[in-house]
Structures are given as C-alpha cells and as structure tokens.
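Each protein sequence line maps, in turn, to chains A and B. Using the working numbering, you'd call the opening residue of the first sequence number 1 and step up by one each time. Using the working numbering, you'd call the opening residue of the second sequence number 1001 and step up by one each time. I have placed the structure first, in the form of structure tokens, so that the comments after it can refer back to it.
There are 2 protein chains.
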Amino acid sequence: MDAKLGPTIYDIAEKANVSISTVSRVFNKSTSVSKKTRKKVENAIEELNYIPNAIARSLANKSSNTIGLIVSDISNPYFASVIDGIESILGTEGYSAILCDTRYSLEREKKYLAQMLEKRVDGIIIFSVYQSDYSFIKTAKNIIPFVSIQSDFGETDTINTHDEKGAYDAVQHLIDLGHKNIAFMLYDYDSMTISNRFKGYINAHRTNDLPVNKNYIVKMKFQPNVGFDMTNYILDNFPEVTAIFAYNDKLAMSSYIAIQARGLKIPDTISIVGYDDTEIASCLTPKLTTVEQPIYDIGTNAAELLIKRIKERENTIPKLITLPTKLIIRESTRSV
Amino acid sequence: MDAKLGPTIYDIAEKANVSISTVSRVFNKSTSVSKKTRKKVENAIEELNYIPNAIARSLANKSSNTIGLIVSDISNPYFASVIDGIESILGTEGYSAILCDTRYSLEREKKYLAQMLEKRVDGIIIFSVYQSDYSFIKTAKNIIPFVSIQSDFGETDTINTHDEKGAYDAVQHLIDLGHKNIAFMLYDYDSMTISNRFKGYINAHRTNDLPVNKNYIVKMKFQPNVGFDMTNYILDNFPEVTAIFAYNDKLAMSSYIAIQARGLKIPDTISIVGYDDTEIASCLTPKLTTVEQPIYDIGTNAAELLIKRIKERENTIPKLITLPTKLIIRESTRSV
DNA sequence: GTGAAAGCGCTAACAC
DNA sequence: GTGTTAGCGCTTTCAC
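Here is the structure:
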C-alpha cells in the first residue's frame, strides 16, 4: 500500500544473475533464451512478485496495446453487446480497452477523446452522437487509427448499418398492418443514425401517401428515464396513435411499462416496434417486433478494422462496412 | 494516421527557443515562468499541435493520475449513478478513470485487475462479486490504494450500506401488509451484498415467526434477461406468492414486464419491492416501492477515500463507511 | 545465448 | 526565471 516501490527488471536481473536484457527477453517470449536461464528468471519473477510496468514498456515500444472505446450510453444493452464483440477480438490480439461513457454529451466526448490521445492509445473506436460539429474528431482521426461506428465523419474507417432501410421497413410493416397514426420516439441529437432512421420513417409515409403528423415525432434529450416520459406524452395527448416506432429497444421497453401499467394491451391497443434486437426484445411479453442489427458483429468488425489499421500503418483508403438490418416480426404488432 | 510521430517537448522547446524544462514548467503551471516566455511556449504548442505524452509523464512521475474502476454490470443504472458520483470527485482532482465491466465473471475480474496493476493506475475502486475466493484481491490491495464497494475484504477502505437492515425493512414492510408468501429474486453469487440481503430476508421471517419457503428463493446467475425468467418461474410455479422482493430495481423492472404482460396488476395481484432506488423506480407505473441507497454518495465517498489514500500514502487504519438505507414506500405494495 | 548501452518523452533537482 | 542533467523502467540494436 505504500512507499515500497515494486521490483523492476533490475531487481529480478540481479536475483537471477543475468542482465536486464535477458529478463526482458523472457517476457517477450524471445526464443533466444536458454531453457535454464529462462527458468532462473521465471523463478525470480515469482519470488519477487514482479509486476511488469506497462507504462515503461509503452514508452519504449511507442505503443500501449490499448485501444480507447467511447460509447454514448453504457446502460443500453446494445452497447454491452458491441463491447462484447470488440473485446472478443481485442483479447485474441493482446489488446485491452479503456471504456468511456459520454451519456450523449458532446463535452464529455471531447474530454475523453483528448484524454485518450494523451494516453497514447493505439486506436480509437467511437460511437459519436454528433454529425455536424466534429472538428475535434477530424483532428483525432488524422493522428491515430480511428474507427467510427454508426456515424459518418468521412475519410475514416466506419461501420454502419442500413439504418434508413431498417426504419423504413419497420414503418412499412406498421403501414401494411393498417396503421395510419404512427408515433416515432427518438433522441434529440444531430447524429447520422438518428437522421437516417428519421428519413426512413418519413419515406415510408411518403411512399404510401400517408401524411406525416409532426406531433407524432417525439424527440427528447437523453436521460435515464426518457422513454417513459415520451410514451406518457403520446398516450396523454394523441389517443388516436395506434402504433409507436421506438428508436431503440431500450425506449421500446419503457413504452411497454408505460402502456401496460395503464391496463392497455400490446398489441391490441397499440403496436410497438423497436430497433436493435437486443436480448430484451424476445424477453418482453409480448415479444417485441424489432429491427435486428448484427450488434455483436458490429463490434467484431470494428475491432478487426482498427487492428488492421494499427498494424498496417499505411494510408490505405478508409473502409466503409455497411451491415444489413432485418425486420424481425414478433408479437408486439398487429393489424388494425 | 501514420509514421509522422507527434511533436515532443524538444520540438516545442526548439521552436520557442527555450529549454525543455521551461516547456515542462508551463505545462505544470509552475509560476516561475515569465509571461513572455510562457506566451512563446504556448504559441509553439499551438502551432505544432502538440499533445502531451501522458505515458512519459507517468513514468517520470511514477503516477498515472488514473484510477481503475471495476464494476459488475455496466448496464445496471445503479452503476451508472455510482460512476457519476465517482467521476464528479475525480474530475475536480485531476484524475481520470478507466472502466471495466466484469459481467459478474470472476475470471474477468481477475484479468482486469491484473491489467490495471500493470498499467500502474494510482488506485482501484472495485465492486467485487466475490467474497470467499479473493486471494488475487488480497495481493492487489496490499500493493495499491484500494477501495472496495459493498464487499468485505477486510483491511482495506470500504464503502458499505446497511444491506441486511435494508432487506429486513423491505420484507418487514411486506409482512406488515399481511403477505406470507414472499418470493426473493437474487443473483447466485458469493458476495457480501447478496448474503446480507439474504440474511435480512430470512431474519424478517424469523422475527415474525413466518416460515421460510426455500422454493420462493429464486437464485440465478447473471444474464441480461434473467429477471424475466425468474419472475415467470415464480408466476408459473407458485401462484400463492403475493409479493416479490427483488434484489435490485433492475430485476424489479423485469418483474413488472413479466407480470403486467399477463394482465396481472401490481400491486393488486402481486406486490413488488425493489432495491437501490435508481431513477427507474419512480418512473415505473405503479411507482416502485424500494430500498433507497445513497447511490451517488457511494460513488463520491469511494472516490474521496481513494484519493485521500493515494495522497497520504501512509498506512493509516482502513476506513469502513457504512451508508444508511431507507425504505421508500410508493405504489407497488399493498395489503392483502 | 547473453550483456552493454542508448533511447522512448517527460519531470525535477540542481546550478546559474 | 531559465538551462543542464539524471533518472523513471523498459526495449532493442549491437557487440561478443
């Protein structure tokens, strides 16, 4: 707990009667160490409870074997899955991640990004919620391997999904079922994902010559409980609404609670469609109709792209991977 | 994106026509730099887009200004609040946090802890789920300032809450309302929090000469959707149960969905008590009766304790702070 | 197969 | 008020 500084390679070199280079070699799995000396060194490490100093190693290596991961809401199961996917790849490649949660705040996004740059992470994977004001992102992506998920900053590796189509399909499904008054619950930010799903919602109306009622589009800033508020707002003010399209499953889940608590039935009184197909979707009763995104794959793809970029270190053309979405029809929607 | 290494203090010293120590001084807000030279240096920093190298600084300082934060389920809003509290203190003290999510896995807990030790974080705040098998924690807490939240590893600063009393109060409340068949939904781990709340549940029964039916105690390993399963299990197998005490609000919320989806009414058919008083508690309909813990304060207290320990660096006696809990009676419980 | 020594980018005495 | 220099703990040529 205190002053006693931990042992360094010098200590273990001394104990094992070898030079520090040899000690370093056994750590780096260099083959050019005899079995005997390797054993001696390993014993010394054991006895002294040596813990390698990743900082010193990073300085010498000019590489931290760490990547930065910036997400906008850790309490959304969607991110938990993506992170899972990312870590599955990082683990096998010897990287570890440092995770930051911006809670949809631009200020935090900036702060964390700056910290990561100073900490010399080897790369960054970011879910940014901002599309227009991103000068700080531009500078970052020019300095360091950078993968953006579900944003479009141009000139950088990015993983996207067919969000506009996903949203379009969801709303078309509701229209096919005869719904005309379809509410849309979403966050109030200037992000590509949000604007794409918004476009999908609008286009599905256009294609079907259905007027868009702006009142039915409920946008609020992120807060832990905002889904409840949005749903109650809709229920209180627009009883003619027969279907809600929620920007994500998390919001859809909040809708369930607000709706069912009033004794209303899903889908009898009101149909719900979510987005993401997180684990909750099929746990809800009735099971949630939602737009599937290959969440875990988003993570693995992002991590693979980033690692490739880190290793190659050349300015190859940025890749854009667009993953498919798929409407999963379950039990929360019905025809009217 | 590539080979061009970023500028170092040497580059900016050259550009500003000063020595590297002067450059270092302006960074460390040392007063002993004349306004003029400070300005020169700041200009050079600006022009060269210099980004300080936190790694080199850490090595020289023997301090990373970073603390490690290990939690067991980032998607639980409880942790989001604690983290908020922690960051509020860290921010003012110039520390930043690196966050890891163990998803209640001992293996991950070990791995992340080891990584943090190697990365030479200045201290660690951990929510460990393990009580008995914790040799790896013991070694960690002897090397580095260490604060444990809601666990008891002995001989280390820890923040607790009156969990046994909290659970006791919750169950006593249900018993007062006339409930006799009270189910308890909890995670299946060997942690202090779990065992304390368990004791509270048992003791409340004992005190009231109410038999404990072991079948009503539903323990499962953590999974994203486990609360739904637990509730459905109870509903399917024990129709005589009139009240459920959930280990936390997150599980309680899952219960709401499972119960209300069956057309059952809370609290008419079944009463629910949660634990934590997260933001969701008062958003649910009916509003959730739950045990309040000062969540945010848990975070601030932990961070303050840790920072104190880091700064003082002396082996003062470990502090144990036990925070109060309070039953908040809302609308999800009623008498039978 | 092993050691000596330079260097990664910074901080902090210590001089002046 | 500013510069010189010796580390921090490691990796990595380059000798031997």
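All residues carry an ideal CB built from backbone N, CA and C; glycine is no exception.
- Query: What first and last residue would you give for the alpha helix (DSSP H) that runs through E292 of chain A?
  - Reply: That residue, E292 of chain A, is in no alpha helix (DSSP H); its beta strand (DSSP E) goes T289 to E292.
- Since F1136 of chain B meets chain A, which of its residues come closer than 9 Å, beta carbon to beta carbon? Chain A residues near F1136 of chain B: none, gap ~12 Å exceeds 9 Å.
- Query: Any Cβ of chain B within less than 7 Å of the Cβ of K119 of chain A?
  - Reply: yes
- Query: Is S75 of chain A closer than 7 Å to Y296 of chain A when the C-beta atoms are compared?
  - Reply: Taking 7 Å as the Cβ cut-off, Y296 of chain A and S75 of chain A do not qualify as a contacting pair.
- Item | For G1227 of chain B: DSSP bridge partner residues | In the DSSP output, where bridge partners are listed per residue, G1227 of chain B has none listed.
- Query: To the nearest angstrom, how far is it from the Cα of N248 of chain A to the Cα of M192 of chain A?
  - Reply: 15 Å
- Is the region 1179-1186 of chain B touching the region 1223-1241 of chain B in the sense that three or more CB pairs, one from each, lie closer than 8 Å? Remark: three or more beta-carbon pairs, one from each stretch, lie closer than 8 Å, so the region 1223-1241 of chain B and the region 1179-1186 of chain B are flagged as touching.
- Message: Using 8 Å for Cβ pairs, my map puts V1273 of chain B next to T1290 of chain B. What's the rounded Cβ distance?
- Response: By a beta-carbon distance limit of 8 Å, V1273 of chain B contacts T1290 of chain B. Their separation comes to about 6 Å.
- Message: Tell me the rounded alpha-carbon separation between I1009 of chain B and N142 of chain A.
- Response: 20 Å
- Task: In the DSSP assignment, find the beta strand (DSSP E) that holds I1182 of chain B and state where it starts and stops.
- Result: I1182 to Y1187
- Message: What does the Cβ neighbour count give for R1206 of chain B, buried or exposed, with the cut at 16 atoms within 10 Å?
- Response: exposed
- Excluding the five sequence neighbours on either side, which residues of its own chain have a C-beta within less than 6 Å of the C-beta of S132 of chain A, listed in chain order? D190
- Item | Cutoff 7 Å; reference K1199 of chain B; Cβ partners in own chain excluding five residues on either side | E1164
- Identify which residue in A:K29, A:I217 and A:I149 has its Cα closest to the Cα of V71 of chain A. A:I149
- Between the beta-carbon of L1106 of chain B and the beta-carbon of Y1130 of chain B, is there less than 7 Å? Yes, they are a contact pair.
- Message: Are the CB atoms of G68 of chain A and I89 of chain A within a distance shorter than 7 Å?
- Response: no
- Start-end ranges of the alpha helix (DSSP H) lying completely within the region 241-298 of chain A, minimum 4 residues: 249-261 and 279-283
- Just to confirm, are T325 of chain A and G166 of chain A a CB contact at a threshold of 7 Å? yes
- By the 10 Å Cβ neighbour count, where 16 or more other Cβ atoms means buried, how is K40 of chain A classified, buried or exposed? Looking at its Cβ environment, which holds 16 or more other Cβ atoms inside 10 Å, K40 of chain A is buried.
- Using a beta-carbon distance below 7 Å, is F1127 of chain B in contact with chain A? Closer than 7 Å to the CB of F1127 of chain B there is not a single CB belonging to chain A.
- Message: Is the beta carbon of S1271 of chain B closer than 7 Å to that of R1334 of chain B?
- Response: yes
- Could you tell me the distance, in whole angstroms, from the CA atom of S343 of chain A to the CA atom of K265 of chain A? Limits of chain A in this structure are 1 at one end and 336 at the other, which puts residue 343 of chain A out of reach.
- Query: Are the C-beta atoms of Y1256 of chain B and some chain A residue less than 7 Å apart?
  - Reply: yes
- Message: Just to confirm before moving on: does the CB-CB distance between I86 of chain A and A303 of chain A stay below 7 Å?
- Response: yes
- Query: By the criterion of Cβ-Cβ separation under 9 Å, what are the contact partners of S1332 of chain B in chain A?
  - Reply: Correct list: empty, because the minimum Cβ distance to chain A is about 10 Å.
- Secondary structure at L1306 of chain B, three-state DSSP: helix, strand or coil? Here DSSP, grouped into helix, strand and coil, assigns L1306 of chain B to helix.
- Which runs of the beta strand (DSSP E) spanning at least 3 residues fall entirely within the region 1005-1051 of chain B, listed in chain order? Qualifying beta strand (DSSP E) stretches: none in this window.
- Item | Chain-ordered residues of the region 275-298 of chain A with a beta carbon less than 9 Å from chain B | T278, E279, I280, S282, C283, L284, T285 and P286
- Residues of chain A with a CB under 9 Å from the CB of L1059 of chain B: which are they? N53, I55, A56, S58 and L59
- Task: Compare the C-alpha of I1317 of chain B against each of B:T1158, B:F1245 and B:G1263 and name the closest.
- Result: For the residues B:T1158, B:F1245 and B:G1263, the minimum Cα distance to I1317 of chain B belongs to B:T1158.
- Query: Relative to the alpha-carbon of K1111 of chain B, which residue among B:T1092, B:G1091, B:E1093 and B:I1137 has its alpha-carbon at the smallest distance?
  - Reply: Sorting B:T1092, B:G1091, B:E1093 and B:I1137 by C-alpha distance to the C-alpha of K1111 of chain B places B:I1137 at the top.
- Item | S1335 of chain B (DSSP reduced to helix, strand or coil) | coil
- Message: With a threshold of 7 Å between beta carbons, is S96 of chain A in contact with chain B?
- Response: It does: the Cβ of S96 of chain A has a partner Cβ on chain B nearer than 7 Å.
- Tell me, to the nearest whole angstrom, how far the beta carbon of M185 of chain A is from that of V147 of chain A; I am working on the premise that it is less than 8 Å. With a Cβ gap of about 29 Å, M185 of chain A and V147 of chain A do not count as contacting.
- Query: Short check: CB of D276 of chain A to CB of Q260 of chain A, under 7 Å?
  - Reply: no
- Whole-Å CB distance - F1027 of chain B paired with P1007 of chain B, under 8 Å assumed: 13 Å between Cβ atoms; not a contact.
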